[in-house]
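Numbering of the sequence shown is given in full-length UniProt numbering, commencing with residue 1 and proceeding in unit increments.
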Amino acid sequence: MGAPDYATASAGIQRLLPAFGGDAIFTRFVAPERPRGAWVPYYEQWAFALVPDDDPLYALSEPFRDLAPHLETRPTFGKWDAAFEAAMGGSTEMVLTGVSTDCCVISTALAAADAGVHVRVVADACAGISPADHQRALDAMALYGPLIEITSVDEVLAGK
1 MGAPDYATAS
11 AGIQRLLPAF
21 GGDAIFTRFV
31 APERPRGAWV
41 PYYEQWAFAL
51 VPDDDPLYAL
61 SEPFRDLAPH
71 LETRPTFGKW
81 DAAFEAAMGG
91 STEMVLTGVS
101 TDCCVISTAL
111 AAADAGVHVR
121 VVADACAGIS
131 PADHQRALDA
141 MALYGPLIEI
151 TSVDEVLAGK
């Protein structure tokens, strides 16, 4: 399991980081201490992931491990909640990147857009479980325009 285009997404994120400086918020998914509800059968199917949050499985990959001044950790695929909103300091603009497009990215984008945030999903700084799933997630999010906008690293850096 993994994202075959992770290296491309990682390179895109690295190109974007200098433009955002200390405003970048990193997120990570971790397993809950005790799964509840629909998460119980999920972790029965994906038992390898039911490890403590300090397990290397949940560590940020290099080079991001040392570049994450602000890290939000959640036991949910979507990271948008009141704490994330507070971390954004009242901004209603989000540039969203990450892995995987077809799971955590789409879950976060839809919830943030519902909360009134204009979300710019940077397609070439995201990776899905497969190229086809990545594209399907981008296509689904594009349906939410103008709340969600699909963009590129070059467009973000050019200020478009």
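A virtual CB, placed ideally from N, CA and C, is assigned to each residue, including glycine.
Predicted model only: the values in this text are computed from it and were never measured.
Among residues of its own chain, excluding the 5 on either side of Y42, which ones have a beta-carbon nearer than 8 Å to its beta-carbon?
-> Within the sequence shown, residue 42 is the residue found at index 42, counting from 1. Cβ within range, chain order: P35.
What is the DSSP secondary structure of M88, counted as helix, strand or coil?
-> For the purposes of this step, residue 88 is identified with residue 88 of the sequence shown, where counting begins at 1. DSSP places M88 in coil when its eight states are reduced to three.
Spell out the partners DSSP gives R120 in its beta bridges.
-> Position 120 of the sequence shown, counted from the first residue, corresponds to residue 120. V95, E149, per the DSSP bridge assignment.
Spatial distance of H118 from P131 (CA atoms) | On the sequence shown, residue 118 is found 118 positions in, with the first residue counted as 1. On the sequence shown, residue 131 is found 131 positions in, with the first residue counted as 1. Answer to the nearest angstrom: the Cα atoms are 25 Å apart.
For the stretch 11-74, which segments carrying the alpha helix (DSSP H) assignment without a break, of at least 4 residues, lie completely within its bounds, in sequence order?
-> When DSSP assignments are scanned along the stretch 11-74, the uninterrupted stretches of alpha helix (DSSP H) that are 4 or more residues long and fall wholly within it turn out to be 39-45.
Can you give me the start and stop residues for the alpha helix (DSSP H) that P131 sits inside?
-> Taking the sequence shown and counting its residues from 1, one reaches residue 131 at position 131. First-last of the alpha helix (DSSP H) with P131: 131-142.
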